[in-house]
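To start, the structure itself, in structure tokens.
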Amino acid sequence: MYLYHFGLRELPFTLTPNTSFYLGLESHNEALAVLLTALKTGEGFIKVVGEVGTGKTLMCRKLLNEIPDHFVTAYIPNPYLKPDELRRAVAVELGVKQAQSMSLQLLTQRIQQRLLELHIRGHSVVLILDEAQALPSESLEALRLFTNLETETRKLLQVVLFAQPELDERLAEKAFRQLKQRITFSYKLRAMNAREVDYYIQHRLQIAGHKGENLFSHSLASQVAKVSGGIPRLVNIICHKMLMLGYGQGSYKLTKKHLNSAIQDTEGLQVQSSRKFYIISILLAVTCIGLYISRDIFGLLA
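For what it's worth, my numbering labels the leading residue of the sequence shown as 9, then goes sequentially.
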């Protein structure tokens, strides 16, 4: 690929959520601070919501790396599970033996015993679910019942939900009002602004080993921010394709032509670009018609 051409050790814009590329942007730092504060205070439910591609999975992995040592974590990356499947998955993560074969009633008892055992040893237990908007309704209710497990002073299990905005829409339903009331800490990830996109691109290139002149000018980074809407995943896709195009043409500096070609090759961005062109065309047409009518009116008055 283009690694040797641009003097890179590794691909800087892969879609894999690699925490070594984590950049402490304001939104992500705030989210991490909220998570760690909420976990230390022993809250039952914590929620982080963000649009597709805003870095929720990366935040999830960063939390797993940064969480204090006294926490025992159960991580479920794909929670599209029925209630009994969810219970068994949690039990396996907590180290409950033979969790896949015992009855559900016995499994629930063993989970509670395991949580009490960890509590006595001074551990706090946190269940972290990525893509939580995919949880079936019955499983959301099962999660709520999980947090009923408590001592006189604190919850035996805390739950962190990373989800798309669809989860908020579901929690607004009357059927989930009990669960919604238990979410005491919540944070919404935002897209990056133009300055952050510029910083993000340069940061990832530096981590990947680039030491030469800027491959993306400030002006070009600003244009990447505009077409991507500041969504990290889209920024990665665009920049990766631009580097491939630059390498293919033997270029060491990227240009607006590379950006335009990357946009044309990226599904979704072409539609967005076409829509903008369509709107601009309509506005120009309306303006021209207005000028044409005004000219005729003035001609008649003359």
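Here a beta-carbon is modelled for each residue, glycine too, at the ideal position from N, C-alpha and C. The structure displayed is predicted, hence computed values, not measured ones.
(request) Would you mind stating whether Leu-267 and Val-232 have Cβ atoms separated by less than 8 Å? (result) Less than 8 Å divides the Cβ of Leu-267 from the Cβ of Val-232.
(request) Assign Ser-111 to one of two classes, buried (16 or more other C-beta atoms within 10 Å of its C-beta) or exposed (fewer than that). (result) Classified as exposed, Ser-111 has fewer than 16 neighbouring CB atoms from the shown chains inside 10 Å of its CB.
(message) Looking only at its chain, what residues have a beta carbon closer than 8 Å to the beta carbon of Glu-38, apart from the 5 residues adjacent to it on each side?
(response) Sequence-distant partners of Glu-38 (beyond 5 residues in either direction) whose C-beta falls short of 8 Å from its own C-beta, in its chain, are Tyr-195.
(request) Give a yes or no on whether the minimum CB-CB distance between Lys-70 and chain B is below 8 Å. (result) No chain B appears in this structure, which consists of one protein chain only.
(message) Counting C-beta neighbours from all protein chains within 10 Å, is the total for Tyr-30 16 or more, i.e. buried, or is it exposed?
(response) Counting Cβ neighbours within 10 Å, Tyr-30 comes out buried, since at least 16 surround it.
(message) Can you give me the C-alpha to C-alpha distance between Phe-79 and Ile-271, rounded to a whole angstrom?
(response) Distance between the alpha carbons of Phe-79 and Ile-271: 44 Å.
(message) What does the alpha-carbon distance come out to for the pair Thr-106 and Tyr-12?
(response) Correcting the residue identity first, residue 106 is Gln in this sequence and not Thr. Whole-angstrom Cα-Cα distance: 50 Å.
(request) Could you tell me which residues DSSP puts in a beta bridge with Gln-141? (result) The secondary-structure analysis by DSSP pairs Gln-141 with nothing; it has no beta-bridge partner.
(message) With the cut-off set at 8 Å, would you say Lys-64 and Phe-170 are in Cβ contact?
(response) Their beta carbons are under 8 Å apart, which means Lys-64 touches Phe-170 by this criterion.
(request) Below 6 Å CB to CB, which residues in the same chain sit around Leu-66 once its five sequence neighbours on both sides are set aside? (result) Excluding residues within five positions, the ones whose Cβ falls inside 6 Å are Pro-25.
(message) Quick check for students: name the residue ranges of the beta strand (DSSP E) that lie wholly in the stretch 155-191, counting only runs of 3 or more.
(response) At a cut-off of 3 residues, the continuous stretches assigned as beta strand (DSSP E) that sit fully inside the stretch 155-191 are 166-171.
(request) Determine the DSSP secondary structure at Phe-29, reduced to helix, strand or coil. (result) Annotated three-state conformation of Phe-29 is helix, per DSSP.
(request) Determine the closest residue to Glu-74 out of Met-200, Lys-48 and Gly-256, with distance taken between C-alpha atoms. (result) If you compare the alpha carbons of Met-200, Lys-48 and Gly-256 with that of Glu-74, the shortest gap goes to Lys-48.
(request) Output yes or no for whether 8 Å exceeds the beta carbon distance between Asn-252 and Tyr-10. (result) Strictly speaking, residue 252 in this sequence is Met, with Asn absent from that position. Yes, the Cβ-Cβ distance between Met-252 and Tyr-10 is below 8 Å.
(message) What residue range does the beta strand (DSSP E) around Val-57 cover?
(response) Element bounds for Val-57: 53-57.
(message) Less than 6 Å between C-beta atoms, sequence neighbours within five positions excluded: which residues of the same chain meet that for Arg-118?
(response) Same-chain partners within the cutoff: Val-104.
(message) Once DSSP output is grouped into helix, strand and coil, what is the label at Leu-72?
(response) In the structure shown, Leu-72 falls within a helical segment according to DSSP collapsed to helix, strand and coil.
(request) Please determine, among Asp-77, Leu-23, Ser-259 and Ser-132, the residue with the shortest C-alpha to C-alpha distance to Gln-166. (result) Distances from the CA of Gln-166 to each of Asp-77, Leu-23, Ser-259 and Ser-132 were compared; the closest alpha carbon is that of Ser-132.
(request) From the DSSP output, in three-state form, read off Ser-269 for me. (result) Of the three classes helix, strand and coil, the one that applies to Ser-269 here is helix, per DSSP.
(message) I need the straight-line Cα distance from Gln-172 to Ala-183, nearest angstrom please.
(response) Rounded to the nearest angstrom, the two C-alpha atoms are 19 Å apart.
(request) Rounded to whole angstroms, what's the CA-CA distance from Ile-128 to Glu-181? Just pull it up for me. (result) Straight-line measurement puts the Cα of Glu-181 at about 37 Å from the Cα of Ile-128.
(message) Measuring straight from C-alpha to C-alpha, what distance separates Thr-159 and Arg-152?
(response) Thr-159 and Arg-152 have their C-alpha atoms some 16 Å from each other.
(request) Classify Val-133 as helix, strand or coil using the three-state DSSP reduction. (result) Strand, per DSSP.
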